[in-house]
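Here the structure is laid out as structure tokens; the discussion comes afterwards.
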Amino acid sequence: MFAPIEDLYRLAPELVLCTFGILVMLAEPFVPRKRSGLVAFLALLGAGAALAATRLSWAHPGTAFYGLVRVDDFSIFLHFVVGAVAVLVILGSRDYLEREGLHRGEFYALVLFATAGMGVMVSAQELVTAFIGLEISSISSYILASFRRNVPKSNESAMKYFLLGSFATSFFLYGVALVYGATGTTLLSRMDSASGNPTLLRLGLGMIFIGLAFKVASAPFQLWTPDVYEGAPTPVTALLSSGPKAAAFALLLRIFDTVFAASQLWVWAIWVSAALTMFAGNLAALVQSNVKRMLAYSSIAHAGYILVAFAARNEIGTAAVLFYLVAYALMKLGAFTMVTHLGGEGERRLEINDYAGLGSQQPAAAAFLTLYLFSLLGLPVTAGFLGKFYIFNAALKSHLVWLAVLLAINTVISAYYYLRVIVVMYMREPQKEWAATPIPRAVGLVLVLTAAGTLYLGLFPNYLMEFATQSAVLPR
Amino acid sequence: MPSRYIPILIYAILAAAFPAVTLIIFKFIRPDSTSAGAKLKPYECGIPPESDARGRYSVRFYIVAILFVIFDVETIFLFPWAVQFNALGLYGLVTMFVFLGILIIGYIWLYKKGALEWV
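Note that the protein sequences, when read in sequence, are chains Z and C. Using the working numbering, the first residue of the first sequence is number 1, and each one after it goes up by one. Using the working numbering, the first residue of the second sequence is number 1, and each one after it goes up by one.
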């Protein structure tokens with residue numbers, strides 16, 4: 001009757017994350033305020049241990065708990081992504097929380113729980129399990145978004161995220177119910193062999209697509225993104241834009257690649273959504289004056305680029321999605337961490353024009369931000385360039401010439417707003433005096449890691465690309 | 001065969017008769033409510049409204065309500081486990097204790113955080 005020990009190995013990252021999350025919660029009231037670094041360290045240890053546990057579960061591939069979750073290269077790849085995101089977010093948020101007087105152990109616990117939820121999402125083989133993972137990660141994110149609870153914007157952000165997020169979740173859940181009604185199973189692998197009402201199945205899959213499209217912020221379901229990203233504390237924005245997005249894309253990808261009916265139905269929806277998302281994100285980003293909003297719209301645009309690789313519907317496309325998720329997480333985490341640091345106390349320095357003169361006053365900060373922006377734009381020698389190149393390649397291999405053309409047009413549009421920030425930083429005189437605070441060590445470490453990762457993937461993508469290609473083979 | 005449904009028929013008649021008879025009797029004995037002017041008030045239910053419904057009350061009620069829901073749901077989970085205790089055996093016992101342990105940690109956390117202090 002006991003679950004075999006192998007099953008526990010296959011769930012090891014989530015178990016470790018939840019255990020450490022609980023430990024952090026338990027430690028929080030007992031550790032005196034002065035030693036609060038201890039809690040942060042415990043959380044960091046937990047996220048690191050989750051990466052080690054992922055390595056451990058890699059040695060035990062297969063399905064666990066009666067086929068509810070599955071450990072394969074795909075889930076391991078994404079576990080590494082969300083685990084690394086958690087490590088970087090925890091590293092980068094300590095100084096922010098101290099600065100804003102928000103240092104609470106619950107912050108780290110919620111980051112760990114959210115990561116556990118993402119872990120469940122990426123290895124789920126069954127729709128209800130996926131739903132539970134989605135909820136664990138979403139509910140933690142709602143609370144994290146409201147963490148600056150004395151700031152109305154943060155409350156607005158959390159409220160919008162919560163209402164629209166629950167709305168999206170109910171779409172997903174209703175879709176799951178309809179799919180179950182049509183096929184009599186919620187296991188992805190059995191869905192094709194089950195004979196059911198095809199209309200009902202299509203309706204259900206369509207609703208699941210809508211629910212997940214909300215989560216990855218693809219048009220026409222992207223409207224919540226800028227408000228939520230702007231109001232949330234910036235380290236949380238960094239998390240929201242990288243981790244949950246990667247997990248939701250992973251779930252979308254798994255359903256898309258495993259269920260034949262879904263790939264039949266979704267391909268055109270994805271085509272249209274990709275085109276719309278790219279334009280919606282890039283055109284709106286052109287007119288933004290706030291850096292966080294600009295980056296939020298840019299993250300919408302990037303979701304569009306990733307969907308282009310989806311529409312390619314081949315293993316090159318899946319590998320391109322995985323590679324891009326890593327590259328995207330690195331550059332977005334780096335950019336938001338830099339924005340966190342530059343924001344100063346109370347996050348006041350957020351307008352693009354406030355960055356005027358940064359190039360001469362804080363050359364290191366300006367250089368880092370320039371690198372991330374170049375990568376987001378997709379200039380060579382950065383991860384963003386190769387990520388886009390792989391997506392382009394996948395689209396052309398599947399003869400999606402039009403989508404590839406739209407991708408190229410959008411890259412050109414995006415050049416305007418990425419380069420504008422760089423122009424402001426280096427070529428404008430500052431209008432206001434801003435206190436130039438030195439970069440704290442932990443934040444510096446995050447910046448160095450993300451910048452090194454961005455450059456490394458831009459120069460030597462082979463190792464990761466091999467891993468991504470190997471992970472792209474999903475069992476039908 | 002239809003005779004077996006006679007109790008249901010009687011029950012249905014009783015169910016329909018109860019509100020009908022009550023309303024008819026009350027029609028004769030109750031005071032005329034329009035005279036009090038309460039008919040024109042919102043949410044009229046016989047009692048004149050006393051104050052604005054959007055009054056403020058302590059946020060602690062929310063905390064207590066949420067805590068109640070959490071530990072209430074815990075007991076709900078205990079019921080099916082208790083019913084199937086013999087079938088689930090040691091595995092069920094261990095997993096249930098893990099579940100309860102997590103909840104007790106939550107209890108310790110909120111106790112130390114002072115969520116249970118009323119004033």
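For glycine and all other residues, C-beta sits at the position ideal for the given N, C-alpha and C.
Here tyrosine 142 of chain Z has Ala158, Tyr161, Phe162 as same chain residues with Cβ atoms under 6 Å from its own Cβ, once five neighbours each way along the sequence are excluded. In the structure shown, glutamate 156 of chain Z falls within a helical segment according to DSSP collapsed to helix, strand and coil. According to DSSP, residue pairing for glycine 62 of chain Z in a beta bridge involves Z:Val71.
Along the stretch 19–39 of chain Z, the positions whose C-beta sits under 8 Å from a C-beta of chain C are Ile22, Met25, Leu26, Glu28, Pro29, Phe30, read in chain order. Nearest C-alpha to leucine 26 of chain Z among Z:Arg104, Z:Leu400, Z:Glu98, Z:Arg94: Z:Arg104. When C-beta atoms of the stretch 410–427 of chain Z are compared with those of the stretch 364–384 of chain Z, three or more pairs fall below 8 Å, so the two segments count as touching. In the three-state reduction of the DSSP assignment, alanine 124 of chain Z falls in the strand class, which pools E and B. In this structure, DSSP gives leucine 187 of chain Z an extended state, which the three-state scheme calls strand. Under the three-state reduction of DSSP output, glutamate 100 of chain Z falls in the helix class. Taking a contact as a CB-CB distance under 8 Å, the pair arginine 293 of chain Z and alanine 356 of chain Z does not count as one, their CB atoms being some 18 Å apart. Taken in chain order, the complete alpha helix (DSSP H) segments of 4 residues or longer contained in the stretch 277–326 of chain Z are 291–312.
Exclusion of the five residues before and after tyrosine 9 of chain Z leaves Ser57, His60 as the residues of its chain whose Cβ lies within less than 6 Å of its Cβ. Secondary structure at glutamate 351 of chain Z: strand, using DSSP grouped into helix, strand and coil. Taking each of Z:Ala451, Z:Glu315, Z:Ala262 in turn and checking the Cα distance to valine 179 of chain Z, the smallest one comes out for Z:Ala262. Distance between leucine 325 of chain Z and isoleucine 306 of chain Z, taken at the CA atoms: about 8 Å.
Valine 381 of chain Z sits away from glycine 92 of chain Z, with the two beta carbons spaced by 7 Å or more. Under a criterion of Cβ atoms nearer than 8 Å, no residue of chain Z is adjacent to tryptophan 81 of chain C; the nearest Cβ is some 14 Å distant. DSSP, reduced to helix, strand and coil, places tyrosine 418 of chain Z within a helical segment of the structure shown. Setting aside the 5 residues that flank it on each side, lysine 388 of chain Z is surrounded in the same chain by Gly378, each with a C-beta closer than 6 Å to its C-beta; the list follows chain order. Chain order gives the chain Z residues near isoleucine 102 of chain C as Ile22, where near means a beta carbon separation below 8 Å. Against chain Z, a Cβ distance below 9 Å from isoleucine 70 of chain C picks out nothing, because the smallest value is about 13 Å. Taking 8 Å as the upper bound for CB-CB distance, leucine 187 of chain Z and methionine 278 of chain Z are not in contact here, some 34 Å apart. For isoleucine 8 of chain C, the nearest beta carbon of chain Z is not closer than 7 Å to its own beta carbon.
Ranked by Cα distance from glycine 48 of chain Z, the first of Z:Phe20, Z:Arg33, Z:Glu28, Z:Thr63 is Z:Phe20. The beta carbon of tryptophan 109 of chain C falls within 7 Å of a beta carbon belonging to chain Z, placing the residue at that interface. A residue is called buried when at least 16 other Cβ atoms come within 10 angstroms of its Cβ; lysine 153 of chain Z does not meet this threshold and is exposed. For isoleucine 105 of chain C, the neighbours in chain Z by C-beta distance under 8 Å run, in chain order, Ile22, Met25, Leu26. Sequence-distant Cβ neighbours of glycine 458 of chain Z in its own chain, meaning closer than 8 Å and more than five residues away, are Ser375, Pro380, Val381, Thr382, Ala383, Gly384, Phe385, Leu386. Separation of the CB atoms of phenylalanine 323 of chain Z and alanine 468 of chain Z is rounded to 5 Å, and the pair is thereby assigned contact status at 8 Å. In the displayed model, phenylalanine 460 of chain Z falls within coil according to three-state DSSP, outside both helix and strand.
Put simply, the stretch 195–208 of chain Z touches the stretch 246–266 of chain Z. At least three CB pairs are less than 8 Å apart. The C-beta of lysine 27 of chain C comes no closer than 7 Å to any C-beta of chain Z. Relative to the Cα of methionine 465 of chain Z, the nearest Cα in the group Z:Val443, Z:Ala327, Z:Ile208 belongs to Z:Ala327. Scanning Z:Asp73, Z:His79, Z:Ile255, Z:Ala114 for the CA closest to the CA of isoleucine 136 of chain Z turns up Z:Ala114. With distances taken between CA atoms, leucine 15 of chain Z lies nearest to Z:Gly46 out of Z:Gly46, Z:Arg35, Z:Lys34, Z:Gly37.
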